[in-house]
Each structure stands twice: as C-alpha cells, then as structure tokens.
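Below is one structure, written out as structure tokens, with a few remarks after it.
Protein chains: 4
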Amino acid sequence: MAKLIELSKIQKKDEPGKPRGGGRPRSESTRRAILSATLKLLRSDAIQNITIEAIAREAGVSKATIYRWWDSKASVVIDAFIEDHIIHTPMRHDIHPAEALLAHWRSLAEQYAGWPGTVVGQILGEGQADPAVQREFRERFYYGRRAIVNEVFDQLRKIRPDIPDIETEHLVDMLYSTVYRRLMLGYGLIDKRFIREFPIDFFSLLGIEFDDNEKVID
Amino acid sequence: MAKLIELSKIQKKDEPGKPRGGGRPRSESTRRAILSATLKLLRSDAIQNITIEAIAREAGVSKATIYRWWDSKASVVIDAFIEDHIIHTPMRHDIHPAEALLAHWRSLAEQYAGWPGTVVGQILGEGQADPAVQREFRERFYYGRRAIVNEVFDQLRKIRPDIPDIETEHLVDMLYSTVYRRLMLGYGLIDKRFIREFPIDFFSLLGIEFDDNEKVID
Amino acid sequence: MAKLIELSKIQKKDEPGKPRGGGRPRSESTRRAILSATLKLLRSDAIQNITIEAIAREAGVSKATIYRWWDSKASVVIDAFIEDHIIHTPMRHDIHPAEALLAHWRSLAEQYAGWPGTVVGQILGEGQADPAVQREFRERFYYGRRAIVNEVFDQLRKIRPDIPDIETEHLVDMLYSTVYRRLMLGYGLIDKRFIREFPIDFFSLLGIEFDDNEKVID
Amino acid sequence: MAKLIELSKIQKKDEPGKPRGGGRPRSESTRRAILSATLKLLRSDAIQNITIEAIAREAGVSKATIYRWWDSKASVVIDAFIEDHIIHTPMRHDIHPAEALLAHWRSLAEQYAGWPGTVVGQILGEGQADPAVQREFRERFYYGRRAIVNEVFDQLRKIRPDIPDIETEHLVDMLYSTVYRRLMLGYGLIDKRFIREFPIDFFSLLGIEFDDNEKVID
DNA sequence: CGATAAACGAGACGGTACGTCTGGTCTTGTG
DNA sequence: CACAAGACCAGACGTACCGTCTCGTTTATCG
Chain A
-17 MAKLIELSKI QKKDEPGKPR GGGRPRSEST RRAILSATLK LLRSDAIQNI
33 TIEAIAREAG VSKATIYRWW DSKASVVIDA FIEDHIIHTP MRHDIHPAEA
83 LLAHWRSLAE QYAGWPGTVV GQILGEGQAD PAVQREFRER FYYGRRAIVN
133 EVFDQLRKIR PDIPDIETEH LVDMLYSTVY RRLMLGYGLI DKRFIREFPI
183 DFFSLLGIEF DDNEKVID
Chain B
-17 MAKLIELSKI QKKDEPGKPR GGGRPRSEST RRAILSATLK LLRSDAIQNI
33 TIEAIAREAG VSKATIYRWW DSKASVVIDA FIEDHIIHTP MRHDIHPAEA
83 LLAHWRSLAE QYAGWPGTVV GQILGEGQAD PAVQREFRER FYYGRRAIVN
133 EVFDQLRKIR PDIPDIETEH LVDMLYSTVY RRLMLGYGLI DKRFIREFPI
183 DFFSLLGIEF DDNEKVID
Chain C
-17 MAKLIELSKI QKKDEPGKPR GGGRPRSEST RRAILSATLK LLRSDAIQNI
33 TIEAIAREAG VSKATIYRWW DSKASVVIDA FIEDHIIHTP MRHDIHPAEA
83 LLAHWRSLAE QYAGWPGTVV GQILGEGQAD PAVQREFRER FYYGRRAIVN
133 EVFDQLRKIR PDIPDIETEH LVDMLYSTVY RRLMLGYGLI DKRFIREFPI
183 DFFSLLGIEF DDNEKVID
Chain D
-17 MAKLIELSKI QKKDEPGKPR GGGRPRSEST RRAILSATLK LLRSDAIQNI
33 TIEAIAREAG VSKATIYRWW DSKASVVIDA FIEDHIIHTP MRHDIHPAEA
83 LLAHWRSLAE QYAGWPGTVV GQILGEGQAD PAVQREFRER FYYGRRAIVN
133 EVFDQLRKIR PDIPDIETEH LVDMLYSTVY RRLMLGYGLI DKRFIREFPI
183 DFFSLLGIEF DDNEKVID
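Chains as they are written, first to last, in my numbering: chain A, -17 to 200; chain B, -17 to 200; chain C, -17 to 200; chain D, -17 to 200.
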C-alpha cells in the first residue's frame, strides 16, 4: 500500500493557512510574473548564472518582493518549475505493472534528455552546497514519484512471484539511477537507443520479456 | 586488454612541453601552497562557497598567480583532489573477477560515503553549469575507472558464460549508478547495510553468489 | 508695539479651517502617539537617523497615517518639538529692558547647550537641503522670538539714548548669532563661562554695565 | 603669535606618508574623476540628496573605489571642496589690521552668499548628525582661518590700545557669527547692503571708523 | 657577470550582485 | 471616512568577489 507522502513546502516562507488580519493581500499577478520571468531566464542560462536581480528586472518587480516570499534562488526555480508542470511522468494503473513501469521510465528518461533534465541537474547541483535545496527537491519532486514506483514494483511481484527476492529499493535503484547518473556525469547519453534498450535489459534480468508491442510475454 | 586511457589535463593552462626560454621558473612551493590551501578550505566549506580570494589569502599567494595557472575554481579543486590521491579504488587482478568487482565497488562506496564523496558531489554540481568542469571530471576521474570495470566484467563473462547476454555498459550502470544517485539526491543513505547488501543483490541477479568469506561459490 | 507675527503652519497638510463633512474624525490619541513616539526616538537618535517607519512602529500606527498628516520627517519633529514646549524663553516686560535681554539670552543659551539645542541643530541641518524645513523653523520658532527681541532693544534705546546708532538688526545679530554658530560648528562651547561673560562683554560695548546682582548700573 | 594649526586630514583613510610596499599604485586620475564628479553633482543637488552611487556613476568609477579611500559622503565632498580651492579668503598682512579684517570678512561673506555658502551649509547640516563630519569641517576649514583672524585682532589691539578690553574670541564671534547664522537660518539675507554696512557698524562699536576709501581714520 | 624574461607579491581597479533598508504609495478589511 | 496592516516598486546602502591591471622585486637562464 502506498504510504501517503506529505508534499510539504519547506522553503517557501510563511503561507501558514491564512492569517489574513488586514493588510494588502499578496498580488497574484506579481507572483506569476516572478515565476514566469524565472522560467524565461532558465531557458537561456543555468541557475548558477541567474541572479535574483535579473529575475526582478525581467519580472518588473522589486528585489525585496522576491526576498519576502522566497529565501533562495533555488526555491524560486523549484516553484517556477512545479508551477508549470514541467516534469510530468504519470504512472498508469490500468495496465500490467511491468508495462506501466516501462512506460513510466521511458517517459522520465525522455524528459531528462531535454531541457527539463538540464534544469533538474542544475537544481541538484545547487543542492550539493545547500542541503535545504536538496531536501526541497526530494520532497517536492522525488518522494512522491519514488513511492509510486515502489508500489507498482510490489504489485508486479504479486503477479510474478518468480521475481528474485531482492529488496524493492534496490531494484528501483538499478532501474532508475542510471538516468540521474548520466545526467550528472555526462557519461553515456540519454539517447533513443539507451531509452529503448536499457529497461529491456533490466527486466530481462528479472525474467520479464516484452513482445514487439511492448506487451509483457507471460 | 585495457585500453590506455589518456589522462589529459584540459583545464590547466599552457604547460606545452616546455618552451622555457629564460625567465624565472614556476615555483613548486607556490603551487603546493595553493593546492593544500584549497584542500584545507574544502574541509570546512563547499566549493560553491569558497572563493579564489580565500584560497590566495590562505596560501599567502597573489590572486594573479592562481589565475595564471588555472582558469576556474573547479580546476584548482580537481587538481588539489587528485594531487592528494583522495579517491583511490584499486582493482585487484589476482582474484576472481566477481570478487574484484565486489571489493572495488565497496571501496568506492565507502569513500563516497564520507568527505571525498561530498567533494565529488560538489564538483559534479559545478559541472552542471559548466560543461568544461564536467568533462574534466570525466576525463580525470571517471573514464579510467569505468574502463577498468568494463574490462573486469568482460573477464567475468569468460569465466561464467551463463551470465545473461546484456550489454556490459548497462550492467556497470546498474551496479555503480546508485552510488552517484544517492550522493546527488541524498535519498537513500550510503551506509553499512547498503554497502553490504546492494552488490550481493545485484550479483544474485546474474546468478553469482558469495559465501560468508565473500568468495564466489562456483 | 510688537508686530503681530502670523504663526502659520506651512508644512502641515490640509487642516483647512474644518470642512468636516462626515466620516470618522481624526484620532487625537493617534496624533499624540505619533508625536510622543517621535520625541522618544529623538532622545537617543538624530533626526537624520530616525525613520518614518521607526516612528510608526514605536507609535503603533500605520505609516500611511503619518504621511496623511505630515509631509516630511522634519515636520513631525517640529510639531513634536513645539507640542512639548521644549524651548521656552520668556521675555520679561516688568524689568529694565537690558536686564530682560540678558535674562532672555542666558535662558536661550542654556537651553541650546543641552539636548534641545542638539535637536534644533538637527532641524537646521535638515533645513540645509530642504528650504521648506528651514522656512518652517523660522516661522514657528524664530520670527516670534526675534521680533520680541527687536522690540525690547528699541525700548532700551528709548531709555538709553547714548547707545550707538546702529541698526537694531545688527545689534541683535552680534548678540544672538554666536549661540547658533557655536551650535552648528561645535567650535567654542556653550558653557557656564561663555553664558556668564559673553553678554556682559557685548553690553559693555554699548556702554551698559551690570552690578553683581545683574542689575543695570545707570 | 599665530599658533601653528595642524591641518590634519582625519576622515581620509590611510595615506600615511607613503608605505608603498608593492601593489598597483593609486590612480591619480581616478581620484580626480571622483572629486570633480562630486563637484558637478553638488552644483545641482544638495549633499543630502547625492548618493555614492551617483558619484561613482558620474565618475565612471566603481563604488568600492570610493569606499576604499573615503568613509563617508561628507568626506568626499569636503575633499572635493578643498581640492578646488572653492573658498579662499586670504588675509592681507601688508595693510592696517582693521582694513585687513574688513576685507577678509567681506570676502568671506560674499562667498558665503553664493553656491559655496550653500555647500558649507549642507556640510554643517551633515555635521549635526555626524560629529566626525563636524570635526573634519572645523579642522580643515575653520581652525586655520579662525586662528589667523584672532591673530590680526591682537595686532589691531597693539596699534589701537583704546579698543575695549574684551576677549578676542568674543569679538571675533560678534563679527563673524552672523554670517553663519544667516546661512543656516535663512533669516536675514547676506546681500550687498549687509556686506557693506554690518562690519562698519561692528567696528564703530570698537571706535574704529573708515573713510570712503575704506581706509582707517586714525 | 650582466642582460633578459618570466614568476610572483601586493593591491588598485571597474564591475556586478548580494541581501537589507527606507521612502512613499497602494490596496485591503475593520470600526 | 480614518485607520492598521502590510504588500509593493524604486533605488541606495556598504560588502564581497570577480577577473584584470600595474607596479616593484626576485630568480632563474643565456649570451
């Protein structure tokens, strides 16, 4: 059973369920201007080269307004990223679990091959020096996805009890970690061939084969 | 046969096989002062928070001298890192290939669990915004190691032809990538249990088991 | 006869003889809170270092309320200053004019030697960059006093026609200006000796001497 | 005898008679650019409204360079002011002391009537909240001049022993303070009539008269 | 041995961004 | 309408590093 993951929003300041005791309310349009300016800048520059000043300038907004609501560049980026549903890797529940995992993995890898992957890499890069950023990434991007994947693996095990008795966490790591490793190290492309063949190789180790229509062969 | 990997030194400036036409020679003590100042600072701070000025100050050296010989902070760090043989993961050739791989992986994981791992993470972090850094990391840290691992995997295959016919690259990824992923994401500790059990699980998928003395059971 | 000096209140906004057409009336307690908060802050800080925000905070009042009724920090200070009758230098009319002038000058100098003098200096300081402040100071603090002094000098002349035939304005300047000059330049203390001897020296130039009880010797 | 007044330059940082231990030498042209930019801005704005950023912008210079050599806006202004010999009120020693004093006072008053006077007022204004500025003004502008004036008054006393036996300091105050008071309060113009008549009135109190050619009548 | 030439320290310099602060203005809701 | 609360833009604050530069000094090699 899937543990319910709390998607808390650590890095964002306040927002404690509405105190609202008078005072001008926060401007929604300003908030959106900041986030979309951030996305625009991210298209042409790495997080590390973007400045809060540039975001403010691009958004036509005062620096202080950004600092009032976020406490680091990375937090703004993460919010902007989520807001625009940049990474979406739905897990299907209406098909064979192995097929669902295959589709999910390929969807993830394809997205990580492009611009969103670059940004994820940069967020993780920021996270290396700032644990808060790393934590926020995990809580807002990773935990939920990981939990779902674990769950589907467990379902697969019920259908196919012949799968080796190996910790699910380890299986998930073997399947998914390469994508992150290739992203961070730049060794081994995340290209069409890799996306096609790697998961097939992985599942074959578990004794699961797919036909030409990517259907599981029982 | 192991391909001889060229350990080129991309980021370092000049050093073009000695023009040496007069002039004061480069001071070796200065070079060492810079590198060890860098290491010292790295012990208490992330690369991202270290400045060239701080290195110069700590080393009692002029900023210009650093800029003369390196062209980025990350290059200095990488040099300092290598100089002190911070990461050493020898691959044994006198034992069973599977045992050699097991020992090598564990040695690597143990080192990545500590301070050297933190630094590697930060170097890769820098690399996300600066491809030259990423490339230098690959060329100076990764290619060599990867090539050796691939080679030993191939030797293993000769001894154990029953190993599934899967691309060696993919196998290496399944085994090694998790270490990098855990490093970068901070999800899943690189702790004793993980170091003990993960490779055992991995090799069991290949049909290779170890006894209590970590000897391969034929 | 003293010209009637109009004590207009230039800097204060509106207050146009009461239109009062409905609506919540201005809160007197708020007004007082602002002024006494201002005085409190003035005790420990120069005008130049006080901010409207600090006054609002101290008074528990909204910034906008302050801006509605005053249009500069200096105006608030001047109001606060007057409200508390900080500087009071009564001119006696029941004694010999020279004695009245002597007492008046000494009372003024004594007050300028202390904290009120510091504040006056700071108000005049603000006035150097903002003519409106300078004008307000003159109209609310200076004109009245000056007119009274001129008047008493003229009375003195009637009693003592031997006083040199010099413009009264010039005489007043010679007597009073030093206090301001010492205040602004900080050269020459406004101390007991100065307060005792300077006016005696001045009056002696006019041929007026005082006995040990500060009575004019006719 | 004139006390030798040390014209020290308190507010300016370092400059300790040349340490010169290597390092790029200070750029004289940069220094001049800063000072003349300051003067230019002063022509159209009060010190209080000028910013270090504006000076840096106008001079084409980095803010840090200004902060390296001066530690307050007022110090820059005072330096700029002195550099350009804005206020020069020479005291002649080859004529009758009373004539010298008359000429000196008028020269001073004339200059204080114009733009330089405005700037002096603003410097003194800054000084009200910042004692260091007040002190610097005294030490660099005032002490020297005051000492010279005192000295000439003493010479005058030797020639004309009939001058009332009044402290020289008090006499100087009676003569000169009005100029400062008028400057700071804006009450009483420093106009042609004042410049012509005030000192005549003053000296007549001392029993000194001038003919139509401003020669002392013995 | 004296000339040449690079290495090196010191530190000035123009830039750019930092994160904070104030000044004024504005936009709500409450009394 | 007055007012508190507080969001907001504008822009200066003083600091920190960046990477480059200009000096004077040192230390080798070569002629």
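A virtual CB, placed ideally from N, CA and C, is assigned to each residue, including glycine.
Relative to the alpha-carbon of ALA41(D), which residue among ASP155(D), ARG25(D), GLY103(D) and ALA19(D) has its alpha-carbon at the smallest distance? Position 59 of the fourth sequence holds residue 41(D). Out of ASP155(D), ARG25(D), GLY103(D) and ALA19(D), ALA19(D) has the C-alpha closest to the C-alpha of ALA41(D).
Just to make sure I have the definition right: I need the residues of chain C whose C-beta is within less than 9 Å of the C-beta of ILE29(D). Which are they? As a working note, residue 29(D) is residue 47 in the fourth sequence. Under the 9 Å cutoff, chain C gives GLN110 and ALA111.
Step through the CB atoms of chain D and report whether any lies within less than 8 Å of the CB of LEU144(C). Locating residue 144(C) in the third sequence gives position 162, counting from the first residue. First, the amino acid is wrong: residue 144(C) is Asp here, not Leu. No, ASP144(C) does not count as interfacial toward chain D.
Would ILE148(A) and LEU138(B) qualify as a contact pair, given that the criterion is a beta-carbon distance under 8 Å? On the first sequence, position 166 is the one that residue 148(A) refers to. On the second sequence, position 156 is the one that residue 138(B) refers to. It is not a contact, given that the beta carbons lie outside the stated cut-off.
Could you pull the start and end residues of the alpha helix (DSSP H) that ALA19(A) belongs to? As a first step, residue 19(A) is located in the first sequence; it is residue number 37 there, counting from the start. Run containing ALA19(A): 10 to 26, per the alpha helix (DSSP H) assignment.
Give me the chain D residues within the contact set of ARG163(C), using Cβ-Cβ distance strictly less than 9 Å, ordered along the chain. Numbered from 1 along the third sequence, position 181 holds the residue referred to as residue 163(C). Chain D residues near ARG163(C): ASP155, TYR158, SER159, THR160, VAL161, TYR162, ARG163 and MET166.
Which class does VAL43(C) belong to by DSSP, given the choice of helix, strand or coil? By 1-based counting over the third sequence, the position of residue 43(C) is 61. Coil at VAL43(C), not helix or strand.
Look at the alpha carbon of GLN93(C) and the alpha carbon of ILE29(D), and state the distance between them as a whole number of angstroms. Residue 93(C) sits at position 111 when you count from the first residue of the third sequence. Residue 29(D) sits at position 47 when you count from the first residue of the fourth sequence. GLN93(C) and ILE29(D): Cα-Cα distance of roughly 29 Å.
Distance between TYR125(D) and GLN116(D) (C-alpha atoms, nearest Å): The sequence position of residue 116(D) within the fourth sequence is 134, counting from 1. The sequence position of residue 125(D) within the fourth sequence is 143, counting from 1. Cα to Cα, GLN116(D) sits roughly 12 Å from TYR125(D).
For ARG25(C), tell me which candidate among GLU35(C), ALA91(C), HIS75(C) and VAL102(C) has the shortest Cα-Cα distance. Translated into positions along the third sequence, residue 25(C) becomes position 43. Nearest option by C-alpha distance: VAL102(C).
Euclidean distance between Cα positions of VAL161(B) and ALA56(B): By 1-based counting over the second sequence, the position of residue 161(B) is 179. By 1-based counting over the second sequence, the position of residue 56(B) is 74. Going from the Cα of VAL161(B) to the Cα of ALA56(B) covers about 22 Å.
Taking a contact to mean a Cβ-Cβ separation below 8 Å, would you say GLY189(C) touches ASP144(C) in this structure? Residue mapping note: residue 189(C) aligns to position 207 of the third sequence, counting from 1. Residue mapping note: residue 144(C) aligns to position 162 of the third sequence, counting from 1. Closer than 8 Å, so yes.
Consult DSSP for GLU149(A) and reduce its assignment to one of helix, strand or coil. Counting from one through the first sequence, the residue named residue 149(A) turns up at place 167. Three-state result, GLU149(A): coil.
Mapping the DSSP letters down to three states, classify ILE172(B) as helix, strand or coil. For the purposes of this step, residue 172(B) is identified with residue 190 of the second sequence, where counting begins at 1. The answer is coil: DSSP assigns ILE172(B) none of H, G, I, E or B.
List the DSSP bridge partners of ILE199(D). Along the fourth sequence, one-based indexing puts residue 199(D) at 217. According to DSSP, which records beta bridges pairwise, ILE199(D) is partnered with GLU191(D).
Please list, in chain order, all residues of the same chain as ILE37(C) whose beta carbon is under 7 Å from its beta carbon, the five residues on each side excluded. For this step, residue 37(C) is matched to residue 55 along the third sequence. The residues are ILE16, ALA19, THR20, LEU23, ILE48 and VAL58.
Give every residue of the same chain whose Cβ lies closer than 6 Å to the Cβ of HIS78(D), excluding the five residues on either side of it in the sequence, and list them in chain order. For the purposes of this step, residue 78(D) is identified with residue 96 of the fourth sequence, where counting begins at 1. Closer than 6 Å at the Cβ level, and outside the excluded window around HIS78(D), lie VAL198.
What do you get for PRO146(C), buried or exposed, if any count of 16 or more other CB atoms within 10 angstroms of its CB means buried? Locating residue 146(C) in the third sequence gives position 164, where the first residue counts as 1. Counting Cβ neighbours within 10 Å, PRO146(C) comes out exposed, since fewer than 16 surround it.
Could you spell out the range, first to last residue, of the alpha helix (DSSP H) harbouring ALA114(D)? Residue numbering aside, residue 114(D) sits at position 132 when the fourth sequence is read from its first letter. Start and end: 113 to 119.
By a C-beta neighbour count over all protein chains shown, 10 Å radius and 16 as the cutoff for buried, is SER159(A) buried or exposed? The residue you call residue 159(A) lines up with position 177 of the first sequence. The residue is buried, with at least 16 neighbouring Cβ atoms inside 10 Å.
Counting only beta-carbon separations shorter than 8 Å, does ASP136(C) have a partner in chain D? As a working note, residue 136(C) is residue 154 in the third sequence. It does not; no Cβ of chain D falls within 8 Å.
Consult DSSP for HIS70(A) and reduce its assignment to one of helix, strand or coil. As a working mapping, residue 70(A) is identified with position 88 in the first sequence. Looking at HIS70(A) - three-state DSSP - the assignment turns out to be coil, as it is neither helix nor strand.
Could you give the DSSP three-state label for ARG139(A): helix, strand or coil? On the first sequence, position 157 is the one that residue 139(A) refers to. Helix at ARG139(A).
Taking only beta-carbon atoms, is LEU106(C) less than 8 Å away from chain D? Here residue 106(C) is taken as the residue at index 124 of the third sequence, counted from 1. It does; some Cβ of chain D falls within 8 Å.
Figure out for me which residue from GLU133(D), GLU65(D), ASP53(D) and GLN110(D) has the closest Cα to the Cα of THR150(D). As a first step, residue 150(D) is located in the fourth sequence; it is residue number 168 there, counting from the start. When each option's Cα is compared against that of THR150(D), the closest is GLU133(D).
Going along the chain, which residues of the region 176 to 199 of chain A sit with their C-beta nearer than 8 Å to a C-beta in chain B? GLU179, PHE180, ASP183, PHE184, SER186, LEU187 and LEU188
Shortest alpha-carbon distance to SER44(D) belongs to which of THR12(D), ILE64(D) and HIS152(D)? Here residue 44(D) corresponds to residue number 62 of the fourth sequence, with the count starting at 1. The shortest C-alpha separation from SER44(D) is found at THR12(D).
Would you kindly work out how many angstroms separate the C-alpha atoms of PRO7(A) and GLU121(A), rounded to a whole number? Within the first sequence, numbered from 1, the residue matching residue 7(A) stands at position 25. Within the first sequence, numbered from 1, the residue matching residue 121(A) stands at position 139. Whole-angstrom Cα-Cα distance: 28 Å.
Please report the distance separating the alpha-carbon of HIS67(A) from that of ILE177(B). Here the question's residue 67(A) lines up with position 85 in the first sequence. Here the question's residue 177(B) lines up with position 195 in the second sequence. Their Cα atoms are separated by approximately 36 Å.
Does the CB of GLU118(A) have a neighbour CB from chain B at under 8 Å? Position 136 of the first sequence, counting from 1, holds the residue named residue 118(A). Not closer than 8 Å to any Cβ of chain B, the Cβ of GLU118(A) fails to qualify, so no.
Consult DSSP for ARG88(A) and reduce its assignment to one of helix, strand or coil. Walking along the first sequence from the start, residue 88(A) turns up at place 106. Of the three classes helix, strand and coil, the one that applies to ARG88(A) here is helix, per DSSP.
Would the beta-carbon of PRO98(D) fall within 8 Å of that of ILE69(D)? Counted from its first residue, the fourth sequence places residue 98(D) at position 116. Counted from its first residue, the fourth sequence places residue 69(D) at position 87. Result yes, Cβ atoms of PRO98(D) and ILE69(D) sit closer than 8 Å.
Using 8 Å for Cβ pairs, my map puts LEU106(B) next to MET156(B). What's the rounded Cβ distance? As a working note, residue 106(B) is residue 124 in the second sequence. As a working note, residue 156(B) is residue 174 in the second sequence. Contact doesn't hold; Cβ gap of about 20 Å is too wide.
Residues in its own chain within less than 6 Å of GLU10(C) by CB, not counting five upstream and five downstream? For this step, residue 10(C) is matched to residue 28 along the third sequence. No residues qualify anywhere along the chain.
Flag this pair as yes or no: are the beta carbons of ALA82(B) and HIS75(B) separated by less than 8 Å? Translated into the one-based positions of the second sequence, residue 82(B) becomes position 100. Translated into the one-based positions of the second sequence, residue 75(B) becomes position 93. Yes, the pair counts as a contact, with Cβ atoms nearer than the cut-off.
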